[in-house]
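The next block holds one structure in the form of structure tokens; read it before the comments.
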Amino acid sequence: MKHDGVLFMLGNKKIIYFLCTCNSCRSQMAEGFTRHYFGEDFAIYSGGLYAKGVHPLSIKVMQREG
1 MKHDGVLFML GNKKIIYFLC TCNSCRSQMA EGFTRHYFGE DFAIYSGGLY AKGVHPLSIK
61 VMQREG
């Protein structure tokens with residue numbers, strides 16, 4: 001991983017990281033949708049201070065949206 005003040009890279013992929021306090025719903029959905037649309041071009045992760053696992057509402061909303 002290389003840091004030049006702004007950009008992190010994993011191999012030849014730029015990293016996108018979604019952060020929030022609990023990583024319980026919104027950041028998980030952001031990670032999932034971004035992986036779906038841009039997963040081949042970027043390394044995509046989400047996290048938070050109090051990680052809680054996958055929130056059932058995240059799964060339900062994402063299934064509904066496709």
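Just so we're aligned, residue 1 is where the sequence shown starts under full-length UniProt numbering, counting upward by one. Ideal Cβ placement from N, Cα and C applies to all residues, glycine included.
Between Leu-49 and Thr-21, which are expected to be in contact by the criterion C-beta below 8 Å, what is the C-beta distance as a whole number of angstroms? 6 Å
I'd like to confirm the pairing. Which residues does DSSP put opposite Cys-25 in its beta bridges? BP columns for Cys-25 are empty, so no partner.
- Hey, quick one: how far does the beta strand (DSSP E) through Leu-10 stretch, first residue to last? 8-10
- Could you check if Glu-31 is buried or exposed, using at least 16 other CB atoms within 10 Å of its CB as the buried criterion? buried
Q. Does the distance from the C-beta atom of Phe-8 to that of Ser-46 stay below 7 Å?
A. no
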